[in-house]
């Protein structure tokens, strides 16, 4: 059993319903992230205001099992493949979300793009500017 811990400094910036998928390189197909667990999950993007970090958390609607707990990192490539299917990748895996509706996909993508904008502007915002000014 996985216990999901929410820290007091975390708040949800969006919630949507989607099926959580991963791309299987062997079969060249999208498959459920947890074998045999199809169906919708409640997907949230949480913002930790203390550390200014973000994570995607998905909990199955049917049995409340955590299916994804993914830290959003600087430089992550997010792709809105279709109006209701969005994906991103890291060094190990390609993740996909098949949303219940276009509206929920839009809600999620707006929050993801907000998070990525924050993440990509960290570590070098002003300090890089000062380095250029005083080099």
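In mature numbering (1 follows the signal peptide of the UniProt record, and there is no 0), the protein residues as written are -16 to -1, 1 to 119.
Glycine is no exception: its CB is placed at the ideal position from the N, C-alpha and C atoms.
Residue interval of the beta strand (DSSP E) (run including residue i)
| i | result |
| --- | --- |
| residue 55 | 50 to 56 |
| residue 34 | From DSSP, residue 34 is part of no beta strand (DSSP E); its letter is neither H nor E. |
| residue 16 | 13 to 16 |
| residue 80 | 78 to 83 |
| residue 127 | This structure cannot speak to residue 127, because the chain is shown only from -16 to 119. |
| residue -2 | -7 to 8 |
| residue 21 | Taken as a continuous stretch (DSSP letters only), residue 21 belongs to no beta strand (DSSP E), as it is neither H nor E. |
| residue 64 | 61 to 64 |
Straight-line Cα distance separating residue j from residue i
| i | j | result |
| --- | --- | --- |
| residue 146 | residue 9 | In this structure the chain extends from -16 to 119, so residue 146 is not present and cannot be described. |
| residue 118 | residue 101 | Since pLDDT at residue 118 reaches only 31, below the 50 mark, its modelled position is unreliable, and the value read off the structure follows with that caveat. About 26 Å. |
| residue -3 | residue 43 | 14 Å |
| residue 67 | residue 90 | 8 Å |
| residue 18 | residue 48 | 13 Å |
| residue 13 | residue 87 | 25 Å |
| residue 53 | residue 99 | 15 Å |
| residue 41 | residue 34 | 18 Å |
Nearest-angstrom Cβ-Cβ length linking residue i and residue j, presumed shorter than 8 Å
| i | j | result |
| --- | --- | --- |
| residue 59 | residue 104 | 7 Å |
| residue 39 | residue 55 | 5 Å |
| residue 78 | residue 6 | 7 Å |
6 Å CB neighbourhood of residue i in its chain, flanking five on each side removed
| i | result |
| --- | --- |
| residue -7 | 30 and 32 |
| residue -5 | 28 and 30 |
| residue 65 | 71 |
| residue 21 | none |
Residue i: CB within 7 Å of a non-hydrogen atom of the ligand MN
| i | result |
| --- | --- |
| residue 82 | Among the ligands in the structure shown, none appear at all, so the ligand MN cannot be discussed. |
Contacts around residue i, its chain only, beta-carbon distance under 8 Å, and the 5 residues preceding and following it disregarded
| i | result |
| --- | --- |
| residue 45 | 1, 23, 24, 25 and 26 |
| residue 92 | -3, -1, 2, 27, 29, 70, 81 and 83 |
| residue 57 | 74 and 103 |
Terminal residues of the alpha helix (DSSP H) in which residue i lies
| i | result |
| --- | --- |
| residue 105 | 86 to 105 |
Spatial neighbours of residue i in its chain, beta-carbon cut-off 7 Å, leaving aside the 5 residues before and after
| i | result |
| --- | --- |
| residue 96 | 29 and 62 |
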